[in-house]
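Asks: Numbering-wise (my numbering), the sequence shown opens with residue 8 and increments by one.
Beta carbons: idealized from backbone N, C-alpha and C, even for Gly.
Quantities reported herein were computed from a predicted structural model and do not represent experimental measurements.
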Amino acid sequence: MDENSTAEQYTVTPSRPSGSAAALMPLAYDGQLRSRLDALRELVGLSRTRLDSGTLAEAGKVLDEAAARRRLSGQHTVVAIAGATGSGKSQLFNTLAGVPISETGVRRPTTAAPIACSWSDGAASLLDRLGIPGRLRRRPLQHPDAESPLRGLVLIDLPDHDSAAVQHREQVDRILTLVDAVIWVVDPEKYADAMLHERYLRPMAGHAEVTFVVLNQVDRLPGEAAEQVLDDLRRLLDEDGIALGEHGEPGATVLALSALTGEGIGELREELGQFVAERQAPARRIAADVDAAARRLRPVYVTGRRTGLSEEAREEFADRLADAVGATAAGEAAERAWLRNANRACGTPWLRLWRWYHDRREPTTGRLPSRTQADEEATARQRVEQAVRTVSDRASAGLPAPWAQAMREAAVRGAQGLPEALDELAVRTGMPGRPPRPGWWPVAVLAQASMTLLQVVGGLWLLAQIIGFVSPNLGVPVLLMLAGIVGGPLIEWSCRIAARGPARRYGHEAERLLREAAAGCGRARVLDPLAAELLRYREVREQYGRVTGVGAVAR
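1) What first and last residue would you give for the beta strand (DSSP E) that runs through residue 90?
2) Out of 63, 535 and 39, state which residue places its alpha-carbon closest to the alpha-carbon of residue 315.
3) According to DSSP, is residue 219 part of a helix, a strand, or is it coil?
4) What did DSSP end up calling residue 391 once you bin it into helix, strand or coil?
5) With a cut-off of 8 angstroms, do at least 3 Cβ pairs link the region 246 to 256 to the region 203 to 213?
6) Give the C-beta separation of residue 33 and residue 79 to the nearest angstrom, bearing in mind that I take them to be a contact with Cβ-Cβ under 8 angstroms.
7) With 16 as the cutoff for other CB atoms within 10 Å, does residue 174 come out buried or exposed?
8) In this structure, does DSSP put residue 535 in helix, strand or coil?
9) Quick check on DSSP: helix, strand or coil for residue 550?
10) Exposed or buried, residue 480, counting other C-beta atoms within 10 Å across all chains shown (16 or more means buried)?
11) Determine the DSSP secondary structure at residue 191, reduced to helix, strand or coil.
12) Tell me whether the beta-carbon of residue 551 lies closer than 8 angstroms to the beta-carbon of residue 410.
13) Taking the DSSP output, what are the residues bridged to residue 164?
14) Could you give the first and the last residue of the continuous alpha helix (DSSP H) run that contains residue 69?
15) Please tell me whether residue 265 and residue 224 are closer than 8 angstroms, where the distance is taken between their beta carbons.
16) Quick check on the burial criterion: 16 or more other C-beta atoms within 10 angstroms. Buried or exposed for residue 542?
17) Going by beta-carbon coordinates alone, are residue 168 and residue 91 separated by less than 8 angstroms?
18) Along the chain, where does the beta strand (DSSP E) containing residue 262 start, and where does it finish?
19) Taking the alpha-carbon positions, what's the residue 126 to residue 156 distance?
20) Thinking C-alpha only, which one of 124, 422, 457 and 145 is nearest residue 393?
21) In the DSSP assignment, find the unbroken alpha helix (DSSP H) run with residue 238 in it and report its ends.
22) On the premise that residue 222 lies in contact with residue 240, defined as a C-beta separation below 8 angstroms, what is that separation, rounded to the nearest angstrom?
23) Output the distance between the C-alpha atoms of residue 190 and residue 533, rounded to the nearest integer angstrom.
24) Less than 8 angstroms between the CB atoms is what I'm expecting for residue 346 and residue 391, so what's the real figure, rounded?
25) How is residue 501 classed by DSSP in three states: helix, strand or coil?
26) Could you name the residues that DSSP lists as bridge partners for residue 509?
27) Taking the alpha carbon of residue 35 as the point to measure from, which residue in 288, 178 and 504 has its own alpha carbon closest?
28) Candidates 95, 554, 242 and 343: which alpha carbon is nearest residue 508's?
29) For the region 456 to 463 against the region 483 to 499, are there 3 or more C-beta pairs whose distance is under 8 angstroms?
30) Between the beta-carbon of residue 451 and the beta-carbon of residue 528, is there less than 8 angstroms?
31) Report the rounded CA-to-CA distance for residue 521 versus residue 398, giving the unit in angstroms.
32) I'd like to check one pair, residue 553 with residue 46: are the Cβ atoms closer than 8 angstroms?
33) Using three-state DSSP, classify residue 33 as helix, strand or coil.
34) For the alpha helix (DSSP H) holding residue 180, just list the boundary residues, first then last.
35) Please state if the CB of residue 484 and the CB of residue 468 are separated by a distance shorter than 8 angstroms.
36) So for residue 426, helix, strand or coil by DSSP?
In structure tokens:
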């Protein structure tokens, strides 16, 4: 440059490592950002067995980039200048540097590779991370580093994002994920370009605090046209979801300038100087990346519906298992068995003799009962499978798809061997031990014996009168026989009425024991694994809440 020129005098030299670079402090994240990154790391670790690697790839990349950026200088802010062909970004880059570092011209694309310009020493490691070779690194020197208004700024001139060369676009996309902030340069002709808004601005809406949008070439707009175009640009940015930093609120900085005439350059320098001096851009960029990763992961962690296994669903599952194992039938059988024991103990001797004779004439079990038992076993297995499907569907309701699938898989694993376990349980549990004989049973047995004795005495007396062994007197023996004949069934009927209550309680106890045993088996094999999966999901969801920075998410 001409030393007599009115432009600021800069000496452009290749960037080189400085002896003071080793003394540069690494980047330090504040407590909240560290907590969010730790939560994201924990979230990825807890989710590896439930989510595919592609789903977690972005979160893993954010963690890797955050760790890589943290090890580098915290005293530098890397800002990329991006824009479309002909927007004048390279001219703006040169104007900010004060010398023609980046080539400008009519030939498109002009910028074939990213060029770096650092306002202070110690940026070599940052530029190594960006993959910018030493021959493309420059330093504008006007003041000592301590006096430079842009001290700590590392400015990158990127190729055109709409370049016809694929490798140029790939370089832009790669570097945009690594820099701390971006200056988007638009011109009056292409500021509404759909490619810019749909591919870059809209997806990066969450990075508004580290975004500058510069309307260049306003010298080409007559009168108030510049303000009108600037207002329309703000409207488009608002539609993209980009918060605008107006009235002291955090958001993107929107400026109008002319790199050719220098109009607005001073305001941009001032904004950049303040932005770099705060040294918050790297942390804001990482925080925005965490926000973006959390938004993309939200569908696999949060559905907005209540989740969990209700007590009603647990009770229904226990009831289904009890039906499968035949708890109700077992209780009824126990009740009938108790009644039979009571009838045998308190019934008349003649009736007991008839029942014994009848039982001896009963045929042995044939093929039909065997087939019936096999059918019952198949039906019981189907009931168990249906119970497991129902409870797994209830437990997975409201969960994101990966976690719902994990719940169903846990239920299927637990259901393996469950019907056989229930069968063994039914055999092992059986009916409870026979309860102590009620106090009235001996009295009833003695009364029945007395009635039988009256019948025998009365009968023998009549027989003795018939054969002439004693004098005839029909009244007393007939009365004795009638008393025994009527009293025996009457005592048996009374005992049967009295036995209903104890028999019912005995049956209920048998049913309860089998129900509890079946419920315990189902809980250990199915409900506990489901509860463990739900607990894991709640832990993951809690970590996701920490990642979002709100500490909790909607159920």
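Replies: So, from the listed chains and residues:
1) 84 to 90
2) 535
3) strand
4) helix
5) yes
6) 7 angstroms
7) exposed
8) helix
9) helix
10) exposed
11) strand
12) no
13) 88 and 122
14) 60 to 77
15) yes
16) exposed
17) yes
18) 260 to 263
19) 9 angstroms
20) 422
21) 232 to 246
22) 6 angstroms
23) 56 angstroms
24) Rounded, the Cβ-Cβ distance is 31 angstroms, inconsistent with contact.
25) helix
26) According to DSSP, which records beta bridges pairwise, residue 509 is partnered with nothing at all.
27) 288
28) 343
29) yes
30) no
31) 20 angstroms
32) yes
33) strand
34) 173 to 183
35) yes
36) helix
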